[in-house]
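Report on the structure given below.
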Amino acid sequence: MLGNRACLMELLYCLYDKQTEICPGCIFVHMEGLIVANLLSLQRKIETQIEIRASPERVWSVLTEIMAYPSWNPFIRELTGRLVVGQKLRIRLSGGIVFKPKVITVQPRQRLQWIGRLWGVPGVFTGVHDFEIMRTQQGSLLRQSEAFYGMMLWFYDVEKVRAEFTKMNEALKTRAEIP
Numbered sequence: 008m009l010g011n012r013a014c015l016m017e018l019l020y021c022l023y024d025k026q027t028e029i030c031p032g033c034i035f036v037h038m039e040g041l042i043v044a045n046l047l048s049l050q051r052k053i054e055t056q057i058e059i060r061a062s063p064e065r066v067w068s069v070l071t072e073i074m075a076y077p078s079w080n081p082f083i084r085e086l087t088g089r090l091v092v093g094q095k096l097r098i099r100l101s102g103g104i105v106f107k108p109k110v111i112t113v114q115p116r117q118r119l120q121w122i123g124r125l126w127g128v129p130g131v132f133t134g135v136h137d138f139e140i141m142r143t144q145q146g147s148l149l150r151q152s153e154a155f156y157g158m159m160l161w162f163y164d165v166e167k168v169r170a171e172f173t174k175m176n177e178a179l180k181t182r183a184e185i186p
């Protein structure tokens with residue numbers, strides 16, 4: 008935000024100093040700085056969770072049985088690859104979007120994470136997806152979250168994604184609770 012404030016202050020000073028004789032180029036330079044500072048500082052996080060009456064081992068087995076995703080998962084329609092740190096996955100979402108994230112964390116019965124970048128370029132749009140499984144008295148708590156960064160975040164419908172996470176959580180719960 009300091010970048011935003013500095014760019015805005017420079018623009019206001021320039022406008023005040025030149026009063027009505029401000030040149031369009033000057034406005035463009037300062038506004039461009041303000042926009043870039045805003046874009047680079049963009050980040051959002053979605054977090055959902057659900058109680059599941061099943062052991063962390065059972066929840067993990069449903070989450071990592073990726074060949075079965077088409078039969079139960081309304082959000083991630085297809086996931087191919089190996090859930091091994093450093094491996095690339097191929098994920099097709101319900102809307103038909105396909106991306107290829109890299110697995111960054113695998114802690115059996117506890118955590119699975121991957122990172123994906125739009126066009127493979129850092130800073131444009133990056134998402135770090137996280138599944139955490141915690142043991143509870145009733146079974147497990149599944150927390151699904153994603154932290155998003157980058158310039159293209161302006162065009163991302165975070166609430167729609169939150170709804171998709173919730174649908175997936177509910178479907179995973181249903182499948183994990185089947186004896």
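Numbering (the working numbering), first residue to last: 8 to 186. Positions of the beta carbon are idealized from the N, C-alpha and C atoms, including for glycine. Because the structure is a prediction, the values reported are computed rather than measured.
Cutoff 7 Å; reference residue i; Cβ partners in own chain excluding five residues on either side
i, result
"Thr62", "The residue you asked about is not Thr; residue 62 is Ser in the sequence shown. So the qualifying residues of the chain are Gly146, Ser147."
"Ile111", "Val92, Gln120, Trp121, Ile122"
"Arg65", "Ala183"
"Asn80", "Met175, Ala178"
For residue i, the residue or residues it bridges with in DSSP
i, result
"Glu153", "Ile53, His136"
"Val113", "Leu119"
"Arg124", "Thr133"
Cβ shell of residue i (< 6 Å), same chain only, five flanking positions each side left out
i, result
"Tyr76", "Ile83, Leu86"
"Arg150", "Gln56, Glu139"
"Gln114", "none"
"Ile73", "Leu86"
"Arg142", "Pro63"
"Thr71", "Leu90"
Residue of the options minimising C-alpha distance to residue i
i, options, result
"Arg124", "Arg116, Leu96, Gln114", "Leu96"
"Arg116", "Phe138, Thr173, Pro129, Val105", "Phe138"
"Gly134", "Leu90, Met159, Val69", "Met159"
"Phe132", "Trp161, Ile104, Ser152, Val105", "Trp161"
"Ser78", "Pro108, Trp67, Ser101", "Ser101"
Residue i vs residue j beta-carbon contact at 7 Å
i, j, result
"Val165", "Ile57", "no"
"Phe155", "Arg51", "yes"
"Gly130", "Gly157", "yes"
Close Cβ partners of residue i (< 8 Å) along its chain, the five nearest in sequence each way excluded
i, result
"Val168", "Ile53, Glu153"
Report task. Report yes or no: do the segment 49 to 68 and the segment 168 to 182 share at least 3 C-beta pairs separated by less than 8 Å? Result -> Yes, they touch.
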